[in-house]
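Enquirer: I'd like to ask some things about the structure below.
In my numbering, the protein residues as written are 17 to 99.
This is the structure we're talking about:
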């Protein structure tokens, strides 16, 4: 979980990293060593699963905004209403 929290923090603070994540998510996830369910959830922007697995909600929200997910879509995804 630490690697995921670190990624969320870094994306939130670094627009260039957010852009790289949008363009090549697998490469960024590899750099952070994110595997398994967290990797699948980040690739599909499954914020509900990430939240349920213990991702910090503050970091999750601001990371989502930084990678271009609008607020309404973020909350719909968090509720499991969108994918």
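All C-beta atoms, glycine included, are put in the ideal place defined by N, C-alpha and C.
Counting C-beta neighbours from all protein chains within 10 Å, is the total for residue 86 16 or more, i.e. buried, or is it exposed?
Expert: Classification for residue 86: exposed.
Enquirer: Would you call the region 67-74 in contact with the region 32-46, where contact means no fewer than 3 C-beta pairs closer than 8 Å?
Expert: With a cut-off of 8 Å, the region 32-46 and the region 67-74 do not count as touching, because too few Cβ pairs lie within range.
Enquirer: Check residue 17 in the structure and name its three-state DSSP category.
Expert: DSSP places residue 17 in coil when its eight states are reduced to three.
Enquirer: Thinking C-beta only, is residue 80 closer than 7 Å to residue 90?
Expert: Yes, the pair counts as a contact, with Cβ atoms nearer than the cut-off.
Enquirer: DSSP three-state label for residue 86, please.
Expert: Note: residue 86 maps to coil in three-state DSSP.
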